[in-house]
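J.:
Below, the structure written as structure tokens:
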């Protein structure tokens, strides 16, 4: 296939407002945006596909590879719109997903509501049968009891069933047998079992994950099948692959079986997009920063790989607060998400302090300056009043911004209450939101034992270029890259993702009782599982493998992740594992301890296709200073004064053009602010590279 | 304009200070060996000015450190002596009356110097695994039996750690490596806080904290007084009796509310217990202030100024103001009832604001497991001894407009542990851990449900329990016509009763069964909405029988 002897690849990302479709033909990239179609999501993709193939001058039949990521799975959990689902669990543990951690995520709110369980109590059934922590069967599975439950499920009209038993990560026999029995009784019912969906220790997280999978499975299955059928009906004749939460690609069939793996696939694409630029610039430490309308997301990328975690939280119900959502235990690109976007609203608290977010004006009514009825000042309003956005040229002139509305909203909500003029109130909003993001980034760095000063930031998303250079100042970061066309970053990222899968399993091992055969057996099983998924798309590609263990000193409750050697283990390896653990522990916490046993709680094997060699971006040769007569007064927060900034159009710049801050570089979707501390050079691939003045002489 | 801008910068720095101390607390939680630190967030961290007044404190899982820490740092400055405070120093104590109420909490204070000048202090506290003595429990008769007491002293001087001190501690505690590890973590997390503060002071080009402190204090005090001004002045009383250890304990409160202060006085409360459930005043103050702040000014961060309108007194050597050498190891049990005491008085001041009483005191299960002589383990398992600790919560009280929270900790912020993980920790099987049907107090708003837990020893092992459970004789009371929650009870699976106090061995063939109390109801049960009744019955939160008996509900 392909066209003119060059391959044709398509990435499609369904977001809340827009569906982005990008097409890559050889080294040329074509992009389009269409409105998301909530009742028929696949229709928007097909529409976008027609548009983008037309622009590129190729046919749908020429497409060699079609990669998709979507927020539909996440939205269905947030909106609790899913299948009628029954949950079958071990006798004595009916309420695990309702009792949660037994804690409160907010200490001072007497009227706190906890998020209700995904599957409420009347739909949770218990059956006798029990596995011990060692994997031994304590009580045989009550098959007669299961038959009875099957008849109640049939009568209850459920469309999906989740099965989660205690200790099934170590012995899955009861869960598998239960599935057989239910399947035999009720043909065609969708069943998810926890030992396959998420074989990790900790029943609350595992049960919640299998329930989430079951809840969204019928919906996602029917959507994905419709999409594939439509794609083929329209002439497409290549397979469709899905972006998963961990930043790799899996087949549509795997996605249908484990739709929970599709959660957060859009943001994962964004991180891969940033990782690809990191590779082009030969950067091994990158902080990606994505700021959209309602949230900002931050991710650490080292050696081209975004940092991953084995569990995360979706659908937070309380001001993005940790603990207020549903835990999901699957490998995921780890993002810090905070309620800070262009639409986040500024307000004044009872201590007379300016706060920003997490409430957001969203896209409707939007910030006050959109003139669509927004009455409260948003971050975008503050940016406008500070001269950072051009009212005439916002979104390429599509939306004309109304400064008058921004002024009156700012005065009503903040200026009047604090006796500040609007300009100062706007400065307050920007400084507070920038500080919120900087704090989130700092905490994330501390948690991972990293120094952000060594990192380069890559910023994308509509609002990021406006705030990125100030954020870099706060984080003491010297270099900042603003890629071109960052509005469709996630979809482009899909095209850069490897085929890959991470298999994670809970299995308890004390290093003092280290057993090489047992370990090798476990790794082999995980390896086989990961290979099966990875090879669905990469049968003929070279695969690389990583083995990780989640370890802690006996007595601790927090595990740190340790990279293990990629080889067979031998009997003396306990000492090597101790050494690796202690080195990592010391790096994170400053000091290893003596005389304590070490435990491994969880194991992970990741298999992925080797990342394509990335051609380095050719450095620009001679840099040419550019000047502009168009000037604008902008506020420089670090210097605590207004400065006279030069204004440039990004599409009028040429590679090698050098701009000294303070400056504003305008493009159709957003503007890049170059503060006085930085200078910017347009690169050969269209990126703007900001660097600390005087620091780099290359 | 300039004044407005400086206001903005002050705000940003205030945010940053809170972020710095939160970061400090988080690091402690991750490295700590003590279960109560990692599951309950039993830590605290704060930053103080040169005089030892608290400027910002982390919000952590336990209210027990609210303003206990605020008071502690001034004790340190006094005992060390201002002229002996050097750059690179680190100070330590676990004195219950100078720190946070029992020996298991170690508090560290480090001075923060900038360009050779003292600008303030960082302090942090964490619960450690062991302090020697009898081990964690109520059974001591004097503090001397509860473990080693380190008076306020230098842990390090000018960066050099006092190895004699380390050696003494190492030889007086169980799990010495874990304890010493935690002590180093505490000291170094103060250093981290200092480093972050210096970064901030560089960024904003300031050389001391005085102006920022004044800004924080002024705004916090102003906002707190706004709330107090709105309260009807007067004296409001309440009393609460709970099971106690060696007999019922009554806590008696008089709350004097004026436009500017709230004084809580516990005169008339029971005398000292012979066992370690006694509470030092510093801890009584912490839980009392927490309850007052929750109800009256929940949004205002804790600092010297925002806490200053709240005062707590109690007569010397009543159970809420135990002095040296009274045993105080498990002072948290009564401490956790103090919000119920305070809420009862507040309800008389402003009805419709606070919840009904709840289960309140955590049910902390402490089990000892050991092999039986000649016992055989099951296939693939080994014989071993271990100590097992589990935090569990009953139901919280119904709120004026909302049901109580089922099996959820209040006022403590603890989390429970995963049963699967606990079964890896010790040779036991947890057979049941689920909601206790019918245990929520009836009311227009229902009390939260308690839970039922069943545990047995694995083959070849025996277990004993150190029981310290409350609300078995004195269930959580309802409010405004709401009924009490179900009392707790401790049993074996054959129905025989165990005592809710003290060490008891569980026969090898039996399961221990714990029924945790429910929360009290709020308002007349007959007024509960029909839709909620239908839902409660469908979910088996209550039975049909209970619906007709307690709620007068007919389907």
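Residue numbers (the numbering used here), protein chains in the order written: chain R, 3 to 700; chain Z, 32 to 586. All residues carry an ideal CB built from backbone N, CA and C; glycine is no exception.
Please compile the residues from chain Z whose C-beta is within a distance smaller than 7 Å of the C-beta of residue 353(R).
T.: Walking along the first chain from the start, residue 353(R) turns up at place 351. Near residue 353(R) (Cβ distances below 7 Å), the residues of chain Z are 250, 251, 254, 331.
J.: Give the list of continuous alpha helix (DSSP H) stretches no shorter than 4 residues that lie fully inside the stretch 343-403 of chain R.
T.: List check, alpha helix (DSSP H) in window: 381-387.
J.: What's the gap between the Cα of residue 484(Z) and the Cα of residue 435(R)?
T.: The residue given as residue 484(Z) occupies position 453 in the second chain. The residue given as residue 435(R) occupies position 433 in the first chain. Their backbone Cα atoms lie some 46 Å apart in a straight line.
J.: Is any beta-carbon of chain R found at less than 8 Å from that of residue 42(Z)?
T.: Counting from 1 along the second chain, the entry for residue 42(Z) is found at position 11. It does; some Cβ of chain R falls within 8 Å.
J.: For chain R, find out if any of its Cβ atoms is closer than 8 Å to the Cβ of residue 433(Z); answer yes or no.
T.: For the purposes of this step, residue 433(Z) is taken as the residue at position 402 of the second chain. Yes, residue 433(Z) lies at the interface with chain R (some Cβ there is under 8 Å from its Cβ).
J.: Check the C-beta distance from residue 647(R) over to residue 636(R) and give it rounded, since I have them as a contact under 8 Å.
T.: For the purposes of this step, residue 647(R) is identified with residue 645 of the first chain, where counting begins at 1. For the purposes of this step, residue 636(R) is identified with residue 634 of the first chain, where counting begins at 1. Confirmed, Cβ separation roughly 5 Å.
J.: Do residue 172(Z) and residue 358(Z) have their CB atoms nearer than 8 Å?
T.: Counting from one through the second chain, the residue named residue 172(Z) turns up at place 141. Counting from one through the second chain, the residue named residue 358(Z) turns up at place 327. For residue 172(Z) and residue 358(Z), yes; Cβs fall inside 8 Å.
J.: So, does the CB of residue 510(R) fall closer than 8 Å to a CB anywhere in chain Z?
T.: What you label residue 510(R) is simply residue 508 of the first chain in a count that begins at 1. Yes, its Cβ sits closer than 8 Å to a Cβ of chain Z.
J.: Given 8 Å as the limit, is there contact between the stretch 510-525 of chain R and the stretch 38-54 of chain Z, that is, 3 or more CB pairs closer than that?
T.: No contact exists between the stretch 510-525 of chain R and the stretch 38-54 of chain Z.
J.: Can you tell which of 696(R), 695(R), 690(R) has its C-alpha closest to the C-alpha of residue 283(R)?
T.: Here the question's residue 283(R) lines up with position 281 in the first chain. Selected option, being the one with the closest Cα: 690(R).
J.: Using a Cβ-Cβ cutoff of less than 8 Å, which residues in the same chain neighbour residue 152(R) once the five nearest sequence positions on both sides are dropped?
T.: For the purposes of this step, residue 152(R) is identified with residue 150 of the first chain, where counting begins at 1. 183, 184, 187, 188, listed in sequence order.
J.: Against residue 396(Z), what residues of chain R qualify as contacts under a CB-to-CB distance less than 8 Å, listed in chain order?
T.: The count along the second chain starts at 1 and reaches residue 396(Z) at position 365. In chain order: nothing, as chain R lies at least about 13 Å away.
J.: Classify residue 319(Z) as buried or exposed, calling it buried when 16 or more other Cβ atoms lie within 10 Å of its own Cβ.
T.: Numbered from its first residue, the second chain carries residue 319(Z) at position 288. That one is buried.
J.: For the ligand PLP, is there a heavy atom less than 7 Å away from the beta-carbon of residue 537(Z)?
T.: For the ligand PLP, the structure offers nothing, since it holds no ligand at all.
J.: Residues of chain Z with a CB under 8 Å from the CB of residue 106(R): which are they?
T.: Looking up residue 106(R) in the first chain gives position 104. By Cβ distance, chain Z contributes 436, 439, 440, 441, 444.
J.: At what residues does the beta strand (DSSP E) containing residue 169(R) begin and finish?
T.: In the first chain, the residue the question calls residue 169(R) occupies position 167. Per DSSP, residue 169(R) belongs to no beta strand (DSSP E) and is neither H nor E.
J.: Using the beta-carbon of each residue, which ones in chain Z are nearer than 9 Å to residue 520(R)?
T.: In the first chain, the residue the question calls residue 520(R) occupies position 518. Correct list: empty, because the minimum Cβ distance to chain Z is about 11 Å.
J.: So for residue 103(Z), helix, strand or coil by DSSP?
T.: What you label residue 103(Z) is simply residue 72 of the second chain in a count that begins at 1. The answer is helix: DSSP assigns residue 103(Z) an H, G or I state.
J.: Does the count of Cβ pairs from the stretch 396-414 of chain R and the stretch 360-367 of chain R closer than 8 Å reach three?
T.: No contact exists between the stretch 396-414 of chain R and the stretch 360-367 of chain R.
J.: Could you tell me whether any Cβ in chain R is nearer than 8 Å to the Cβ of residue 48(Z)?
T.: Here the question's residue 48(Z) lines up with position 17 in the second chain. So, not an interface residue.
J.: Can you name the residues of chain R whose CB is closer than 9 Å to the CB of residue 163(Z)?
T.: Your numbering for residue 163(Z) matches position 132 in the second chain. In chain order: nothing, as chain R lies at least about 17 Å away.
J.: So that I know if they touch, is there some Cβ in chain Z lying closer than 8 Å to that of residue 661(R)?
T.: Position 659 of the first chain, counted from the first residue, corresponds to residue 661(R). Chain Z, which has no Cβ nearer than 8 Å to the Cβ of residue 661(R), makes this no.
J.: Just verifying my parser: in three-state terms, what is the DSSP assignment at residue 616(Z)?
T.: Residue 616(Z) falls outside the range modelled here, since chain Z spans only 32 to 586, and no answer is possible.
J.: Mind checking if residue 477(Z) is an interface residue toward chain R, Cβ cutoff 8 Å exclusive?
T.: Counting from one through the second chain, the residue named residue 477(Z) turns up at place 446. Closer than 8 Å: no.
J.: Leaving out five residues on either side along the sequence, give the residues of the same chain with a beta carbon under 7 Å from the beta carbon of residue 583(R).
T.: Taking the first chain and counting its residues from 1, the one referred to as residue 583(R) is at position 581. Only 553, 564, 600 meet the Cβ criterion.
J.: Taking C-beta pairs closer than 7 Å, name the residues in chain Z that residue 450(R) reaches, listed in chain order.
T.: Reading the first chain from its first residue, position 448 is the one you call residue 450(R). The premise fails here: residue 450(R) is roughly 11 Å from chain Z at the closest Cβ pair, so nothing lies under 7 Å.
J.: Alpha carbon to alpha carbon, how far is residue 449(Z) from residue 426(Z)? Give it in angstroms, no decimals.
T.: Taking the first residue of the second chain as 1, we reach residue 426(Z) at position 395. Taking the first residue of the second chain as 1, we reach residue 449(Z) at position 418. Cα to Cα, residue 426(Z) sits roughly 19 Å from residue 449(Z).
J.: Give me the chain Z residues within the contact set of residue 110(R), using Cβ-Cβ distance strictly less than 7 Å, ordered along the chain.
T.: By one-based count along the first chain, residue 110(R) stands at place 108. What residue 110(R) touches in chain Z: 324, 325, 329.
J.: Under the three-state reduction of DSSP, which class applies to residue 340(Z): helix, strand or coil?
T.: As a first step, residue 340(Z) must be located in the second chain, where it is residue number 309. In this structure, residue 340(Z) counts as coil in the three-state DSSP scheme.
J.: Note down, in chain order, each residue of its chain lying with its Cβ closer than 7 Å to the Cβ of residue 594(R), except the 5 sequence neighbours on either side.
T.: As a working mapping, residue 594(R) is identified with position 592 in the first chain. Here the set comprises 584, 587, 588.
J.: Since I believe residue 368(Z) is in contact with residue 282(Z) (beta carbons under 8 Å), could you give me their beta-carbon distance rounded to a whole number of angstroms?
T.: Indexing the second chain from 1 puts residue 282(Z) at position 251. Indexing the second chain from 1 puts residue 368(Z) at position 337. Sure, about 7 Å apart at Cβ, within 8 Å.
J.: Helix, strand or coil for residue 214(R) per DSSP?
T.: Numbered from its first residue, the first chain carries residue 214(R) at position 212. In this structure, residue 214(R) counts as helix in the three-state DSSP scheme.
J.: State yes or no: is the beta carbon of residue 560(R) nearer than 8 Å to at least one beta carbon in chain Z?
T.: Translated into positions along the first chain, residue 560(R) becomes position 558. Cβ-Cβ to chain Z under 8 Å: yes for residue 560(R).
J.: Bridge partners for residue 110(R) per DSSP, in chain order?
T.: For the purposes of this step, residue 110(R) is taken as the residue at position 108 of the first chain. Its beta-bridge partners do not exist; DSSP assigns none.
J.: Using a Cβ cut-off of 8 Å (strictly closer), state whether residue 678(R) contacts chain Z.
T.: Stepping through the first chain from its first residue, residue 678(R) is reached at position 676. No, no contact with chain Z.
J.: Going by DSSP, what residues sit across from residue 82(Z) in a beta bridge?
T.: Translated into the one-based positions of the second chain, residue 82(Z) becomes position 51. For residue 82(Z), which the question treats as bridged, DSSP gives no partner whatsoever.
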